[in-house]
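A.B. asks: In UniProt numbering, the protein residues as written are 1 to 175.
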């Protein structure tokens, strides 16, 4: 046997007669053996070729099953990625719509704020309110009880009503 191209061995032995059944059968077996060697060299390119045909076939079956499983996983992953792309595109469109809606709302709010902030000159701002002097005095004179809510000890009465010096003139005596 002489090595030929691609690592396949060429057989130079001749058959008994080139057209006989034995010669054809030998050529068929040689081609089959060459294909097994080729299969073995494709599966394990760095290792020496195996000669056991059943071992070569079992390794090829195992490798094919492994490759099919890997291809199935890749297809599933591809489908999952396509679904994720679709959902992300839909979410992107929703976010774009929401952004446009928020921009329009912001512009409306800014226009309303401009309309409110430009008050006419004839309107005056309300004056700040000051507390009544009686309420200030009441806050100073109250004594809170620790067990109760803080509240004054006497009611919120204006100072003019608290003045008792003119009671005999303003109110009749009680019998």
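Glycine is no exception: its CB is placed at the ideal position from the N, C-alpha and C atoms.
Predicted, not measured: the structure shown is a model, and the values here were computed from it.
If you draw a straight line from the alpha carbon of residue 117 to that of residue 106, how long is it in whole angstroms?
C.D. replies: Locating residue 117 in the chain shown gives position 117, where the first residue counts as 1. Locating residue 106 in the chain shown gives position 106, where the first residue counts as 1. Near 16 Å, if we compare the C-alpha coordinates of residue 106 and residue 117.
A.B. asks: Going along the chain, which unbroken runs of the alpha helix (DSSP H) with 4 or more residues stay wholly within the UniProt domain "BHLH" (16-67)?
C.D. replies: 21-43, all fully within the UniProt domain "BHLH" (16-67).
A.B. asks: Would residue 176 and residue 41 qualify as a contact pair, given that the criterion is a beta-carbon distance under 7 Å?
C.D. replies: The chain is shown only over 1 to 175; residue 176 falls outside these bounds and no answer can be derived.
A.B. asks: Just verifying my parser: in three-state terms, what is the DSSP assignment at residue 172?
C.D. replies: Within the chain shown, the letter at position 172 stands for residue 172. Coil.
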